[in-house]
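Report on the following structure.
2 protein chains.
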Amino acid sequence: MTPRNRRNSTRDERPDRGIPEATVARLPIYLRALTALSEQGITTSSSEDLATSAGVNSAKLRKDLSYLGSYGTRGVGYDVDYLRYQIAREIGLTQDWPVVIVGIGNLGQALANYSGFASRGFQIVSLIDADRQRVGEQVGDLEIAAYADLAEIVEKHGVAIGVIATPAPAAQGVCDDLVAVGVTSILNFAPAVLSVPDGVDVRKVDLSIELQILAYHEQRKAMSDDVLAPPGLPVPEPPAVTVEVESA
Amino acid sequence: MTPRNRRNSTRDERPDRGIPEATVARLPIYLRALTALSEQGITTSSSEDLATSAGVNSAKLRKDLSYLGSYGTRGVGYDVDYLRYQIAREIGLTQDWPVVIVGIGNLGQALANYSGFASRGFQIVSLIDADRQRVGEQVGDLEIAAYADLAEIVEKHGVAIGVIATPAPAAQGVCDDLVAVGVTSILNFAPAVLSVPDGVDVRKVDLSIELQILAYHEQRKAMSDDVLAPPGLPVPEPPAVTVEVESA
DNA sequence: CCGATTTTGTTCGCACGTTCACAAGCTCCT
DNA sequence: AGGAGCTTGTGAACGTGCGAACAAAATCGG
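If you're matching them up, the sequences are chains W and G in order.
Numbering follows the working numbering, with no gaps: position 114 of the first sequence is 135.
Numbering follows the working numbering, with no gaps: position 92 of the second sequence is 113.
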């Protein structure tokens, strides 16, 4: 009956190994789309409809889902709640993930108050700031904790994921400290490149980089129509070559 | 003397056309690294050093830069300020870009106060919120403006880039309105898929998606060591197949 | 002036990601 | 029961991106 019987390898081999990174990055989008459909009371969806909701092409969606297993029914589509559970399981959202945020400035505060985390399986267990003055301050449901308590907090809650929302110069140091106390996944909002040992994952969100990418394309659009020389900024000295003086 | 004389095509043909998207996404990182080097008083850098600063491999960096033109000197490296200018010009940061932020909640407020934009060529010219109660409220240097004034504001400042920081349900409507008044690039922080007409660029930043991607890898790490069955959540009904009752 | 050394710019092979197109499989209608 | 009509899952073609390796160009020492 089921052609999914290839359990021939060493041990419990699910159709698990090796989901392409590009696919992993889209699974949360599908999850969101499925949740929306579910809330509308829709119980079944074709790959075409689901793909439209998720803003991708249907072939891509089907291939992505096929990495998880065969959870659809030909001629019918996907069962919304069932698929939703399967994706959630694959991503690891059947459990709640404790998260710490380090650096409670503008951004850290906004993140602390962001309700989207809790509703998606992430619980912010602590807000940490290096500024002694701010320790004890109430932000949302939590009080700001002292940086010195980092290790204790991480161990107590079993934190594996840390968010860095400090100014750029502090980011690498905080990162090192997080890794030292056992955090193995880091989401970095500071505009700095972090280096970490093997086995630790880093993802970055850089707000101004996104704007710069948009600016590039925006400039492109403008250039197609307008003239080709945008005014502005003085041009620095060309490379300053060591000129060989040739006698004429 | 200068081998940069290939101005032979139809008209002002720069080595401009068609920079790969992956490269465009990295240019801002190089720009940041160059700025850091420049502030340290370093005037020249090899691709190797620059690549280390930017957290990429040197071959990739050289190839990326080669799309802009030949701005390095063999045997020497790149002139930091000169290259910095060239990248800035390519991205379109020789001018300042006016930006509006729509949706002044937690996140919108944090963005409004984020100093990283101004220092990178983006000037926030207006904060707009649909909540009448909040119009006039001071956030950073600006007062919150009324949603009804959107068109006027965009036209007055020549805004081409809009930031959406509203709740998800409002995002598509705001997006449509922005496009209608002439915005052609949108940075979306709302967890929703936006559909836009051709010619309009959208980039999205989804905070919880990033965490979910980390969670996936984190779960992977845990599975290698531990047992393979994480507890939690009830499993929904399997697809609810139309069962053919076979007589045993 | 020439060869050794350094470092860029580019070519090539490979891996990954995307899209098309279609066979396999399911349901429904006659 | 059988065929028509959908929709999934996947094989294959195509395009993009990445990293190694190397030739071209510049500096420096003799």
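All C-beta atoms in this analysis are idealised placements derived from N, C-alpha and C, irrespective of residue type, glycine included.
Here the structure is a predicted model, which means the values were calculated and not measured.
If I follow the unbroken alpha helix (DSSP H) through residue i, where does it start and stop?
| i | result |
| --- | --- |
| VAL175 (chain G) | 171-178 |
What in chain G is Cβ-close to residue i, meaning under 9 Å?
| i | result |
| --- | --- |
| LYS242 (chain W) | ALA181, THR205, SER206, GLY220 and ASP222 |
Please list the terminal residues of the continuous beta strand (DSSP E) segment that includes residue i.
| i | result |
| --- | --- |
| ARG110 (chain G) | Where ARG110 (chain G) is concerned, there is no enclosing beta strand (DSSP E), although the alpha helix (DSSP H) it sits in stretches over 101-112. |
| GLN144 (chain G) | 143-150 |
| GLY222 (chain W) | Position check: residue 222 (chain W) holds Asp in this sequence, whereas Gly was assumed. Taken as a continuous stretch (DSSP letters only), the beta strand (DSSP E) holding ASP222 (chain W) covers 222-225. |
| ALA213 (chain G) | That residue, ALA213 (chain G), is in no beta strand (DSSP E); it is neither H nor E in DSSP. |
| GLU164 (chain G) | 163-167 |
| VAL184 (chain W) | 182-185 |
Return the residue from the list the options that minimises the CA-CA distance to residue i.
| i | options | result |
| --- | --- | --- |
| ALA169 (chain W) | W:LEU148, W:ALA109, W:ILE207 and W:VAL45 | W:LEU148 |
| ASN209 (chain W) | W:VAL202, W:TYR103, W:VAL195 and W:ALA201 | W:VAL195 |
| LEU104 (chain W) | W:ALA54, W:VAL160, W:VAL204 and W:SER216 | W:ALA54 |
| ASP162 (chain G) | G:VAL175, G:GLN144, G:ASP152 and G:LEU171 | G:GLN144 |
| GLY179 (chain W) | W:VAL204, W:ALA191 and W:MET244 | W:VAL204 |
| SER87 (chain W) | W:ALA213, W:SER68, W:ALA75 and W:VAL200 | W:SER68 |
| VAL120 (chain G) | G:GLU158, G:VAL175 and G:ALA166 | G:VAL175 |
| GLU164 (chain W) | W:ASN134, W:VAL221, W:LEU58 and W:ILE108 | W:ASN134 |
| ILE125 (chain W) | W:VAL45, W:GLN154 and W:ILE234 | W:GLN154 |
| GLY129 (chain G) | G:THR187, G:ALA166, G:ARG83 and G:SER91 | G:THR187 |
| LYS81 (chain W) | W:VAL221, W:GLN159, W:THR44 and W:ILE40 | W:THR44 |
| ALA236 (chain G) | W:ILE182, W:ARG95 and W:LEU89 | W:ILE182 |
| PHE138 (chain G) | G:THR73, G:PRO190 and G:ILE122 | G:ILE122 |
| VAL202 (chain W) | W:ALA172, W:VAL184, W:ILE234 and W:ASN127 | W:ALA172 |
| ALA109 (chain G) | W:GLN233, W:MET244, W:ALA189 and W:TYR92 | W:GLN233 |
So which residues of chain W does residue i contact, with C-beta pairs closer than 8 Å?
| i | result |
| --- | --- |
| GLU231 (chain G) | LEU208, ARG224 and VAL226 |
| ALA236 (chain G) | ILE112, GLY113, LEU114, TRP118, GLY142, PHE143, ILE182 and SER206 |
| PRO49 (chain G) | ASP227, SER229, ILE230, GLN233 and ILE234 |
Give the secondary structure of residue i by DSSP, where H, G and I count as helix, E and B as strand, and everything else as coil.
| i | result |
| --- | --- |
| ILE125 (chain G) | coil |
| ILE40 (chain G) | coil |
| ALA269 (chain W) | Because ALA269 (chain W) sits at a pLDDT of 34, beneath the cut-off of 50, its placement in the model cannot be relied upon, and the point is left open. |
| ALA250 (chain W) | Note on ALA250 (chain W): pLDDT 48, under 50, position unreliable in the model; the coordinate value appears next. Coil, per DSSP. |
| GLY120 (chain G) | Sequence inspection shows Val at residue 120 (chain G); the Gly mentioned does not correspond to that position. The answer is strand: DSSP assigns VAL120 (chain G) an E or B state. |
| GLY76 (chain G) | coil |
| VAL200 (chain W) | helix |
| GLN61 (chain G) | coil |
| SER136 (chain W) | coil |
| ARG27 (chain W) | Summary for ARG27 (chain W): the model assigns pLDDT 33, below 50, so the residue's position carries little reliability; its value from the coordinates is reported in the next sentence. Coil, per DSSP. |
| GLU239 (chain G) | helix |
| VAL97 (chain W) | coil |
| VAL156 (chain W) | coil |
| ARG66 (chain W) | According to the sequence provided, residue 66 (chain W) is Ser. The question's Arg does not apply to it. Looking at SER66 (chain W) - three-state DSSP - the assignment turns out to be strand. |
| SER87 (chain W) | helix |
With 16 other CB atoms within 10 Å as the buried threshold, where does residue i fall?
| i | result |
| --- | --- |
| VAL97 (chain G) | exposed |
| ASN78 (chain W) | exposed |
| PRO49 (chain G) | buried |
| PRO252 (chain W) | Annotation note: pLDDT 49 at PRO252 (chain W) (below 50); position unreliable, coordinate value reported separately. PRO252 (chain W) is exposed by the Cβ-count criterion. |
| GLU231 (chain G) | buried |
| SER229 (chain W) | buried |
| GLN240 (chain G) | buried |
| ASP152 (chain G) | exposed |
| GLU42 (chain G) | exposed |
| GLN61 (chain W) | exposed |
| LYS225 (chain G) | buried |
| GLU111 (chain W) | buried |
| ASP219 (chain W) | exposed |
| ARG141 (chain G) | buried |
| ASP102 (chain W) | buried |
| GLN159 (chain W) | exposed |
| PRO1 (chain W) | The requested residue 1 (chain W) does not occur in the structure, where chain W is confined to residues 22 to 269. |
| SER216 (chain W) | exposed |
| GLY157 (chain W) | exposed |
Which bits of chain W does residue i rub up against, with CB to CB less than 7 Å?
| i | result |
| --- | --- |
| ASN127 (chain G) | ALA131, ASN134 and TYR135 |
| GLU239 (chain G) | GLY113, ALA181, ILE182, THR205 and SER206 |
Which bits of chain G does residue i rub up against, with CB to CB less than 8 Å?
| i | result |
| --- | --- |
| GLY62 (chain W) | Chain G residues near GLY62 (chain W): none, gap ~15 Å exceeds 8 Å. |
| ALA46 (chain W) | ILE230 and ILE234 |
| SER74 (chain W) | VAL214 |
Mind listing the chain G neighbours of residue i? Cutoff is C-beta to C-beta under 7 Å, in chain order.
| i | result |
| --- | --- |
| ARG53 (chain W) | PRO212 |
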